[in-house]
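Below: the structure, in structure tokens.
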Amino acid sequence: MKRLFTLVLSMLLLLGVSTSAQALVIFNDWSLNLDTVGEAGLTGQVDNINQILFDGIAYSQTNDTNGDGIPGIGEIGATDGLLASYMYTETPGSPAPTTESWGFEMTFTYSMNSVGIDPATGSNYEHLAAGTTLSGSDAYLQRDGMLYVYIDASADADTTDGSGFSDGTLIAKFALVAGVGGQFSTVTMDGHDDATYELVWALDNVLLDSYGNDLQDSIGTDAASITITDTNFDGDDDANGMYDSTYGSWNPGTQSSTNFIASLNGSGGMGGSAVPEPATILLFGFGLLGVAGISRRKKG
0 MKRLFTLVLS
10 MLLLLGVSTS
20 AQALVIFNDW
30 SLNLDTVGEA
40 GLTGQVDNIN
50 QILFDGIAYS
60 QTNDTNGDGI
70 PGIGEIGATD
80 GLLASYMYTE
90 TPGSPAPTTE
100 SWGFEMTFTY
110 SMNSVGIDPA
120 TGSNYEHLAA
130 GTTLSGSDAY
140 LQRDGMLYVY
150 IDASADADTT
160 DGSGFSDGTL
170 IAKFALVAGV
180 GGQFSTVTMD
190 GHDDATYELV
200 WALDNVLLDS
210 YGNDLQDSIG
220 TDAASITITD
230 TNFDGDDDAN
240 GMYDSTYGSW
250 NPGTQSSTNF
260 IASLNGSGGM
270 GGSAVPEPAT
280 ILLFGFGLLG
290 VAGISRRKKG
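If you're matching positions, the sequence shown starts at 0 in numbering that gives the first Met the number 0 and goes up one per residue.
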């Protein structure tokens, strides 16, 4: 029987700083088996993983079918994101966790499609499941709705030009699940997002829970999930009232509420209770964007 694990991520906005932001993902007593990754020079097993620290940035577009320059109900959105991790913390039976270097690079690439919904629901957009086909004038926004996780012996991910995020060994793939997204404010140029990606593939015996169970074993039955909750993003890093985040690999041209780059930041945690369950659930966090709306909070 698998154990039930949950990871809850709450992303915090990074305001008035660089376009690349640090975020924190908290794991509870997880292991990463490097012997089965196959990256030259990476051996052994990283145990007792409690937190992962990473940098991130994302690019959001909306089709703006009514031409008003504001994402709205029924309009389709697309998001692409990149994350890189170099540090983690562990808690070896102590109340004071220590911060360690991976000694390698862990990267994440992800994408999603969304559609604007009535903000009276509490959110103003929802996610479309991976595999949803966009046609006609919306086809240019088509995304695969996948999240990919890589391990790389070389720390070469570059948050200024987008290189080095997918040149390592792919260890896991997750597919976006349809569901309520979050809110985006065209006034404050920031927002928050919730999403779930379900595990569809993983290398054998690489990601292990505290009992040594292989996350890959859950595929096809009660697949593990990466659930992003209360993730926040900011399209105006320097708080000057304009969309002006920059990123080398994405060239949005003139940025607006329907075409912008945003920095990501936040923190979260995964509780590892020893409760027997038929599935292993993994909730994981990072910044995502979507379409439409009203922000949870204003800039200071």
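Backbone N, C-alpha and C define an ideal beta-carbon position, used for all residues, glycine too.
Classification of residue i by the beta-carbon crowding that lies within 10 angstroms, buried from 16 upward
i, result
"residue 186", "exposed"
"residue 121", "exposed"
"residue 153", "exposed"
"residue 262", "buried"
"residue 100", "exposed"
"residue 26", "Unreliable placement is indicated for residue 26, whose pLDDT of 45 sits below 50; no coordinate value is reported for it."
"residue 37", "exposed"
"residue 196", "buried"
"residue 250", "exposed"
"residue 42", "exposed"
"residue 58", "buried"
Span of the beta strand (DSSP E) around residue i
i, result
"residue 112", "97-115"
"residue 205", "No beta strand (DSSP E) contains residue 205, which DSSP labels as neither H nor E."
"residue 47", "44-61"
"residue 176", "168-176"
Closest Cα partner of residue i within the set the options
i, options, result
"residue 127", "144, 155 and 29", "144"
"residue 180", "109, 245 and 113", "113"
"residue 211", "44, 174 and 110", "44"
"residue 108", "101, 141, 166 and 102", "166"
"residue 97", "49, 77, 242 and 35", "49"
"residue 142", "148, 110, 168 and 89", "110"
"residue 156", "56, 34, 41 and 251", "56"
"residue 238", "199, 81, 188 and 72", "188"
"residue 149", "191, 138 and 104", "104"
"residue 147", "214, 259, 190 and 170", "170"
"residue 232", "184, 248 and 241", "184"
"residue 81", "259, 248 and 214", "248"
Under 9 Å between C-beta atoms of residue i and residue j
i, j, result
"residue 54", "residue 30", "no"
"residue 118", "residue 182", "yes"
"residue 257", "residue 68", "yes"
"residue 168", "residue 193", "no"
"residue 115", "residue 76", "yes"
"residue 74", "residue 64", "yes"
"residue 33", "residue 85", "no"
"residue 205", "residue 218", "no"
"residue 235", "residue 242", "yes"
Distance cut-off 8 Å: residue i Cβ against heavy atoms of the ligand SAM
i, result
"residue 53", "Looking at this structure, you won't find the ligand SAM or any other ligand, since it has none at all."
Review point. Just checking, does the region 158-177 make contact with the region 118-132 on the three C-beta pairs under 8 Å criterion?
Key: yes
Check your understanding: Quick one: any contact between the region 152-165 and the region 130-140, if contact means 3 or more CB pairs under 8 Å?
Key -> no
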